[in-house]
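Numbering (this note's numbering), first residue to last: 273 to 535. Right, one structure below, let's go through it.
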């Protein structure tokens with residue numbers, strides 16, 4: 273079973289690293305600016321350059337250890353940092369921050385409260401058997417779960433309402449449709465999953481009830497529940513029906529005759 277995924281959010285002590293995928297502690301940094309000297313220009317560091325730098329002989333053991341650590345970080349991720357002495361920046365960026373993963377040392381860039389780099393995906397795909405009429409809604413809800421959790425939750429509720437048609441209900445009143453499914457023997461855990469998406473999705477668009485403004489984790493959980501509902505109420509029935517229909521015609525007729533006999 274996969275571990276819990278915590279979506280990256282500005283200021284969180286721990287989240288799922290978009291570089292290494294580990295749920296790890298994050299260190300946060302301000303961005304201070306040092307202007308290039310007049311003849312200096314930006315350039316791209318490559319592994320050979322960093323290796324050559326690390327191989328230089330140093331009498332100071334601490335400096336050598338720092339150079340070796342830099343090389344190791346660079347091998348894991350080419351966007352990294354170098355420890356420097358005696359820098360006193362005069363300029364500090366506002367609304368720009370860096371986070372560094374404790375597990376892999378990789379750095380992420382934040383602009384305001386959004387992760388700007390690396391581009392982060394919540395890594396949730398629609399179920400392979402998702403009905404075509406809700407697939408685009410699911411993809412959109414997953415794409416905006418981090419940037420607009422409320423919008424994602426509202427879309428999840430819409431998906432559940434549309435799914436009611438595939439579950440044999442009207443699709444007009446989601447609450448009444450769930451009640452109808454319960455009367456037909458709907459499993460308790462599926463009823464609860466549907467009601468979680470229904471209630472949270474409703475409250476996402478009603479201020480003051482449930483605040484989802486920065487809760488990407490809940491938005492993701494709703495999509496996971498939708499995939500669970502599809503697996504249990506659509507995909508499982510589909511696989512059973514496919515296997516049943518491979519039975520010999522004679523066996524199918526016997527089963528039909530058995531089940532249509534008058535007591």
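Note that the Cβ used here is the ideal one computed from N, Cα and C, for glycine as well.
task = Assign residue 532 to buried or exposed, taking buried as 16 or more other Cβ atoms, counted over all protein chains shown, within 10 Å of its Cβ.
result = exposed
Distance between residue 519 and residue 493 (C-alpha atoms, nearest Å) = 39 Å
ask   = Going by the beta-carbon positions, is the gap between residue 301 and residue 322 smaller than 7 Å?
value = Not closer than 7 Å, so no.
query = Closest to residue 491 by CA distance: which of 506, 471, 437 and 509 is it?
reply = 471
task = Drop a sphere of 10 angstroms on the beta-carbon of residue 508, count the other beta-carbons inside from all chains shown, and report buried for 16 or more, exposed for fewer.
result = exposed
inquiry  = Since residue 425 and residue 473 should fall inside the 8 Å C-beta cutoff, what is the C-beta to C-beta distance between them, to a whole number of angstroms?
reply    = Your pair residue 425 and residue 473 checks out as a contact, with CB atoms roughly 5 Å apart and the cut at 8 Å.
task = Indicate whether residue 541 and residue 427 have their beta-carbon atoms separated by less than 7 Å.
result = What is shown of the chain runs 273 to 535, which leaves residue 541 out entirely.
ask   = What residues in its chain sit with their C-beta under 8 Å from that of residue 273, if we drop five residues either side in the sequence?
value = At residue 273 the pLDDT is 36, less than 50, meaning the model places this residue with poor confidence; the figure from the coordinates comes in the next sentence. Same-chain partners within the cutoff: there are none.
request  = Would you mind sorting residue 431 into buried or exposed? The rule is 16 or more other CB atoms within 10 Å of its CB.
outcome  = buried
key: Alpha carbon of residue 499 to alpha carbon of residue 308, nearest angstrom   = Separation of residue 499 and residue 308 (C-alpha to C-alpha, rounded to the nearest whole angstrom) is 52 Å.
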